[in-house]
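These protein sequences, in sequence, are chains L and Z.
My numbering applies: residue 5 is where the first sequence begins, and numbers increase by one.
My numbering applies: residue 5 is where the second sequence begins, and numbers increase by one.
2 protein chains.
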Amino acid sequence: MAAYPPLNSLRAFEASIRLNSFSLAAEELNVTPGAVGQQIKKLEDWLGMELFTRSVRQVRPTADGLDYAARIGPALRQIVDASQQVRGRSDRSVRVVMPPSFAAKWFSRRMARFLIDYPTTSLHVGSQSQMIDFNRDPVDIAVRYFDGCDDSLETVLLYRGRAAAYCAPSYRDHMGVAKPSDLVRATLLNDILHAWWPEWLGAYAGVSAADVSTITQIEIDQTSMAIEAAIHGQGVVLANPLLTEEDIAEGKLVHLFPEQVLTVPFGYYLVHPKNRALRGQVKLFRDWLLAEAQELASD
Amino acid sequence: MAAYPPLNSLRAFEASIRLNSFSLAAEELNVTPGAVGQQIKKLEDWLGMELFTRSVRQVRPTADGLDYAARIGPALRQIVDASQQVRGRSDRSVRVVMPPSFAAKWFSRRMARFLIDYPTTSLHVGSQSQMIDFNRDPVDIAVRYFDGCDDSLETVLLYRGRAAAYCAPSYRDHMGVAKPSDLVRATLLNDILHAWWPEWLGAYAGVSAADVSTITQIEIDQTSMAIEAAIHGQGVVLANPLLTEEDIAEGKLVHLFPEQVLTVPFGYYLVHPKNRALRGQVKLFRDWLLAEAQELASD
DNA sequence: TTCAATGAAATAGAAAAGCTATATCATGGC
DNA sequence: GCCATGATATAGCTTTTCTATTTCATTGAA
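1. In terms of alpha-carbon separation, which member of Z:Gln82, Z:Leu28 and Z:Gln238 lies closest to Gly77 of chain L?
2. What is the C-beta distance between Ala243 of chain L and Tyr170 of chain L, in whole angstroms, given that I count them as a contact (C-beta under 8 Å)?
3. How about Ala3 of chain Z and Trp204 of chain Z: do their beta carbons lie closer than 8 Å?
4. Is Val143 of chain Z close to chain L, meaning its C-beta is less than 8 Å from at least one C-beta of that chain?
5. Starting from the beta carbon of Gln82 of chain L, find every residue of chain Z whose beta carbon is closer than 9 Å, and list them in chain order.
6. Does the Cβ of Asp225 of chain L have 16 or more other Cβ atoms within 10 Å, making it buried, or fewer, making it exposed?
7. Assuming the contact rule is C-beta atoms closer than 8 Å, Ala230 of chain L and Leu288 of chain L should be a hit. Round their C-beta distance to whole Å, please.
8. Measure the Cβ-Cβ separation of Ser131 of chain Z and Pro104 of chain Z and say whether it is below 8 Å.
9. Could you tell me whether the Cβ atoms of Ser87 of chain L and Gln43 of chain L are closer together than 8 Å?
10. Quick one: is Leu327 of chain Z near chain L, going by C-beta distance under 8 Å?
11. Taking beta-carbon pairs under 8 Å, can you tell me which members of the segment 126-156 of chain Z lie near chain L?
12. My output table needs one value for Asn12 of chain L: the three-state DSSP class, helix, strand or coil.
13. Going by the beta-carbon positions, is the gap between Pro202 of chain L and Val188 of chain L smaller than 8 Å?
14. At least one CB of chain L closer than 8 Å to the CB of Asn194 of chain Z: is that the case?
15. Could you name the residues of chain L that Ala39 of chain Z contacts, counting a contact when the two beta carbons are closer than 9 Å?
16. Counting only C-beta atoms, is Ala67 of chain L closer than 8 Å to chain Z at any point?
17. According to DSSP, is Ile44 of chain L part of a helix, a strand, or is it coil?
18. Which class does Ile145 of chain L belong to by DSSP, given the choice of helix, strand or coil?
19. Please tell me whether Leu70 of chain Z has its Cβ less than 8 Å away from any Cβ of chain L.
20. Quick one: measure Cβ to Cβ for Arg99 of chain Z and Asp137 of chain Z, integer angstroms, because I've assumed they're closer than 8 Å.
21. Since Val90 of chain L meets chain Z, which of its residues come closer than 8 Å, beta carbon to beta carbon?
22. For Met53 of chain L, name the three-state secondary structure that DSSP assigns.
23. Span of the alpha helix (DSSP H) holding Phe270 of chain L?
24. Under a Cβ-count criterion, where at least 16 other Cβ atoms within 10 Å of its own Cβ denotes burial, should Thr220 of chain Z be classed as buried or exposed?
25. Should Asp303 of chain Z be flagged as near chain L, meaning a C-beta pair shorter than 8 Å?
26. Closest by CA to Val275 of chain Z, which one among Z:Tyr175, Z:Val265, Z:Met135 and Z:Pro65?
27. For the ligand FAD, is there any heavy atom lying closer than 7 Å to the beta carbon of Leu157 of chain Z?
28. Leu28 of chain L CB to nearest chain Z CB: under 8 Å?
29. Please report the straight-line C-alpha distance between Leu119 of chain L and Gln298 of chain L, rounded to a whole angstrom.
30. Can you find a CB in chain Z that lies within less than 8 Å of the CB of Leu293 of chain L?
31. List, in order along the chain, the chain Z residues whose C-beta lies closer than 8 Å to that of Ala86 of chain L?
32. Within its chain, find whatever has a CB closer than 8 Å to the CB of Leu23 of chain L; leave out the 5 residues flanking it on each side and keep chain order.
33. Let me know the alpha helix (DSSP H) ranges lying completely inside the segment 61-97 of chain L, each 4 residues or longer, listed in chain order.
34. Using CA atoms only, rank isn't needed, just tell me which of L:Trp110, L:Arg91, L:Ser20 and L:Gln89 is closest to Leu70 of chain L.
35. With a 10 Å radius around its C-beta and 16 neighbouring C-beta atoms as the bar for buried, classify Ala79 of chain L as buried or exposed.
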């Protein structure tokens, strides 16, 4: 299965087609004309066809040659472009991925500071909730919401997972929610990723798991949408205090029972592959992010 | 301007990323693992970045490596595909280009015969009126309507250019066209490429160039459209008898003055570059086409 | 017409690249 | 604890690739 043509010959071929001359191509490639001729011949032998017709003092591409050039030209250009780009940036860039809710509610407000402190860094932020695979996706470092157990990863806890109850102020007043057990009359917004209502109600309202299911619930598969729904008076959401900071400050949400915050066995972890040397800027970013998280955790 | 990465290294790199192992890549490439390692290192040195992190007993791609792989992968695949295709067909294919009118009116009816006689041949027919450049377009041979003078080309006259007058039978009867000079009352369909009305009328109707311009004319830039217009009773067209064969046979057109056919200094020529060895199938095609033309010319 | 200049082919030998073989090493499974 | 594994490192060998030269047929200028 010798699927590849002699790749180095393609360089000589491309230049020869473009310049219509082995000599000029040789000049461009800083070799002798003979070398180009030999490369072309090798390619012709491999392909089993003539790419140029040789007449005296000049070569001219055959139809086959032109056809082949048209097919491989773009590919070669792509290789050159990709190599240039990769060679250029890289050291100055950091690729990070995090859950959408974390990106929207926590990271977005702090990102600008990083870029100001490290102006030469180019930051590529991806947001997705499914776990990325460092062996398949071009990502340097990630924030992941999980239990922190993964042998292949270096993990640092940013924030322990917590579940606190939030709703719109008007919703609280309208429903007359004053103590945890009042929630049996409310609508529970149940975010799949933070589905801790049974535990929360069990711990703070003395509601059994069976009774929980009798309460009106809305399932929402995106954390930020669940919070958004709470803001719009659709019910009460269990969320990590991290994610509601801003909405609380703006008065859109109220924290219903500040004393009743459930600690859950999940957390926001900063993760990167074990044994992978972090490039300079990635390390900077990591340290910065840890410091930012520390600051808030000390509140 | 060393724009190209070491191309051969890309093979080893691609396989290593795909298989996540230098050893497996080496196996696939039929070399020793050491060779792969050296190739990868060479590429890393050229790019100035780590593509894999080496831990004991295993390598793992870095984010940069995955990114680079994603960029060059498609390009490599394109090169392989193009090479396979080109290698495969080629000898059995013929690429020919001809004017649209010739393709539609003359060639299309004969093409099938060629494919039946030479069933293994794959024929790529292009039709365009502008002159193709054998040094830029992947074309083996062409039919060109011109004066036959081009030092860089081998030319064989297929048909001398002729200008004969045609119109729909109904149009002839309705306009009462009986002799050439009656055409001063008709509408002349003037095809840019065969604009011989002044010469024709001068030779056969004794009409001066100045008087020709007083006759109603419609300019049409495509020969087959001019003929089509004549079929639909829009006027009288000057065309090469070659192109009207079928329409005459079907009674859609009539040849107005069979004795008055102007020979013009153009013609349909079969052309291919001088000094370009014609591949087997192209030669066959050329001979077949010449024979077909001969047959008709002897009528 | 002659004659130098041109651009490619052919070939031998030098240089470079690439591969193998081997030794070494750290780890994970038995 | 020991062996198998899959990487690295290095030296030396093989193959590839390039250069240097000669040869050749033609073009274009004198």
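Glycine residues also receive a C-beta, built at the ideal position from the N, C-alpha and C atoms.
Let me lay it out:
1. Here residue 77 of chain L corresponds to residue number 73 of the first sequence, with the count starting at 1. Ranking the options by Cα distance to Gly77 of chain L, first place goes to Z:Gln82.
2. As a working mapping, residue 243 of chain L is identified with position 239 in the first sequence. As a working mapping, residue 170 of chain L is identified with position 166 in the first sequence. Contact holds; Cβ gap of about 6 Å.
3. A question about residue 3 of chain Z goes unanswered here, because the residues of chain Z that appear run from 5 up to 303.
4. By 1-based counting over the second sequence, the position of residue 143 of chain Z is 139. Look at Val143 of chain Z: its C-beta is under 8 Å from a C-beta on chain L.
5. For the purposes of this step, residue 82 of chain L is taken as residue 78 along the first sequence, with counting starting at 1. Within chain Z, Arg75, Ile76, Pro78, Ala79 and Gln82 have C-beta atoms less than 9 Å from the C-beta of Gln82 of chain L, given in sequence order.
6. If you number the first sequence from 1, residue 225 of chain L lands on position 221. With fewer than 16 Cβ atoms within 10 Å of its Cβ, Asp225 of chain L is classed as exposed.
7. Walking along the first sequence from the start, residue 230 of chain L turns up at place 226. Walking along the first sequence from the start, residue 288 of chain L turns up at place 284. The C-beta distance from Ala230 of chain L to Leu288 of chain L rounds to 34 Å, too long to meet the 8 Å contact threshold.
8. As a working mapping, residue 131 of chain Z is identified with position 127 in the second sequence. As a working mapping, residue 104 of chain Z is identified with position 100 in the second sequence. For Ser131 of chain Z and Pro104 of chain Z, yes; Cβs fall inside 8 Å.
9. Within the first sequence, numbered from 1, the residue matching residue 87 of chain L stands at position 83. Within the first sequence, numbered from 1, the residue matching residue 43 of chain L stands at position 39. Between Ser87 of chain L and Gln43 of chain L, the C-beta spacing is not below 8 Å.
10. Summary: the structure shown does not reach residue 327 of chain Z, with chain Z confined to residues 5 through 303, and so no result is reported for it.
11. Answer in chain order: Phe138, Asn139, Arg140, Asp141, Pro142, Val143 and Asp144.
12. Within the first sequence, the letter at position 8 stands for residue 12 of chain L. In the three-state scheme derived from DSSP, where H, G and I count as helix and E and B as strand, Asn12 of chain L is classed as helix.
13. Here residue 202 of chain L corresponds to residue number 198 of the first sequence, with the count starting at 1. Here residue 188 of chain L corresponds to residue number 184 of the first sequence, with the count starting at 1. At the C-beta level, Pro202 of chain L and Val188 of chain L stay beyond 8 Å of one another.
14. Residue numbering aside, residue 194 of chain Z sits at position 190 when the second sequence is read from its first letter. By this cut-off, Asn194 of chain Z is not an interface position.
15. Working through the second sequence from its first residue, we reach residue 39 of chain Z at position 35. By Cβ distance, chain L contributes nothing, its closest Cβ being about 15 Å from Ala39 of chain Z, past 9 Å.
16. Position 63 of the first sequence, counted from the start, is the residue given in the question as residue 67 of chain L. Output row for Ala67 of chain L: interface = yes.
17. Sequence index remark: in the first sequence, residue 44 of chain L carries index 40 (1-based). In this structure, Ile44 of chain L counts as helix in the three-state DSSP scheme.
18. By 1-based counting over the first sequence, the position of residue 145 of chain L is 141. In the structure shown, Ile145 of chain L sits in a strand (DSSP, three-state: E or B).
19. For the purposes of this step, residue 70 of chain Z is identified with residue 66 of the second sequence, where counting begins at 1. The beta carbon of Leu70 of chain Z falls within 8 Å of a beta carbon belonging to chain L, placing the residue at that interface.
20. Numbered from 1 along the second sequence, position 95 holds the residue referred to as residue 99 of chain Z. Numbered from 1 along the second sequence, position 133 holds the residue referred to as residue 137 of chain Z. Their Cβ separation, rounded to whole angstroms, is 14 Å, which puts Arg99 of chain Z and Asp137 of chain Z out of contact at 8 Å.
21. Counted from its first residue, the first sequence places residue 90 of chain L at position 86. Ordered by position in chain Z, the residues that pass the 8 Å Cβ test against Val90 of chain L are Leu51, Met53, Asp68, Asp71, Tyr72 and Arg75.
22. By one-based count along the first sequence, residue 53 of chain L stands at place 49. Coil.
23. To locate residue 270 of chain L, count along the first sequence from 1; it is residue 266. Secondary structure note for Phe270 of chain L: it is in no alpha helix (DSSP H), and the uninterrupted beta strand (DSSP E) holding it is Leu266 to Pro277.
24. Along the second sequence, one-based indexing puts residue 220 of chain Z at 216. Flag for Thr220 of chain Z reads exposed.
25. Start at 1 with the first residue of the second sequence, and residue 303 of chain Z comes out as number 299. Bear in mind that a pLDDT of 41 at Asp303 of chain Z, under 50, signals an unreliable position, so the number given afterwards is only what the model happens to contain. Residue-level contact by beta carbon fails for Asp303 of chain Z and chain L, as no gap is shorter than 8 Å.
26. Numbered from 1 along the second sequence, position 271 holds the residue referred to as residue 275 of chain Z. Nearest option by C-alpha distance: Z:Met135.
27. This structure lacks the ligand FAD, and indeed carries no ligand of any kind.
28. Here residue 28 of chain L corresponds to residue number 24 of the first sequence, with the count starting at 1. By the rule that beta-carbons nearer than 8 Å mark a contact, Leu28 of chain L does not touch chain Z.
29. To locate residue 119 of chain L, count along the first sequence from 1; it is residue 115. To locate residue 298 of chain L, count along the first sequence from 1; it is residue 294. Using only the alpha carbons, I get a separation of about 19 Å.
30. On the first sequence, position 289 is the one that residue 293 of chain L refers to. Chain Z, which has no Cβ nearer than 8 Å to the Cβ of Leu293 of chain L, makes this no.
31. Position 82 of the first sequence, counted from the first residue, corresponds to residue 86 of chain L. Within chain Z, the C-beta atoms nearer than 8 Å to that of Ala86 of chain L come from Tyr72, Arg75, Ile76 and Ala79, in chain order.
32. Here residue 23 of chain L corresponds to residue number 19 of the first sequence, with the count starting at 1. Ala29 and Glu32.
33. Contiguous alpha helix (DSSP H) elements confined to the segment 61-97 of chain L occur at 67-92, taking only those with 4 or more residues.
34. Residue numbering aside, residue 70 of chain L sits at position 66 when the first sequence is read from its first letter. When each option's Cα is compared against that of Leu70 of chain L, the closest is L:Ser20.
35. In the first sequence, residue 79 of chain L corresponds to position 75, counting from 1. Looking at its Cβ environment, which holds 16 or more other Cβ atoms inside 10 Å, Ala79 of chain L is buried.
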